[in-house]
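Residues in the sequence shown are numbered from 713 upward in steps of one, following this note's numbering. The structure appears below as structure tokens.
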Amino acid sequence: CENQSWLQDLKMRSQQLQKGGPIQSIEWLPMVRDAVKWGLLQASEAFILPSHQENFGIVVAESLACGTPVLLSDKVNVWEEASTGGAGFVATDDLDGTASLLRQWLALDAEQRQQRRSAARA
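Following this line, the structure appears as structure tokens:
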């Protein structure tokens, strides 16, 4: 299956990035539901959705409801609300934009990340 090849390529690339880089670990999960999904959203530092198009992005609302900040592309239709509310960051839907989202998040100190969590809950 072509998707399996793509997934294996992503896993290989992530392993290369983890060596000496800022990425501590990446967990590759199947689809999650119910209590597992809510637990993962609550335990996450941030939810990243660098999508090319999202009509609404219910998972963004779910993340915010859990107090999890969101890092979104400007193609997710609720990007403006998340950004103006201080609940996350927004960038373009390309590699540079996604890298910018990650850099912005990683540059925050613990207090600034907590402020984003509080804004997400609000």
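C-beta: ideal position from N, C-alpha, C; glycine also.
Neighbourhood of residue i by C-beta distance below 6 angstroms, restricted to the same chain and skipping five residues each side
i, result
"GLY797", "ALA831"
"GLN765", "LYS787"
"LEU741", "none"
Residue interval of the beta strand (DSSP E) (run including residue i)
i, result
"VAL744", "Neither: VAL744 is in no beta strand (DSSP E) and is coded neither H nor E."
"GLY809", "Premise fails: GLY809 lies in the alpha helix (DSSP H), 807-819, not in any beta strand (DSSP E)."
"ALA803", "800-803"
Short Cβ contact (8 angstroms threshold) for residue i with residue j
i, j, result
"ARG833", "GLY779", "yes"
"ALA838", "THR810", "With the chain covering only 713 through 834, there is no way to say anything about residue 838."
"SER763", "SER785", "yes"
Straight-line Cα distance separating residue j from residue i
i, j, result
"LEU818", "ALA758", "10 angstroms"
"ILE770", "GLN826", "23 angstroms"
Continuous alpha helix (DSSP H) stretch holding residue i: start and end
i, result
"ALA773", "770-777"
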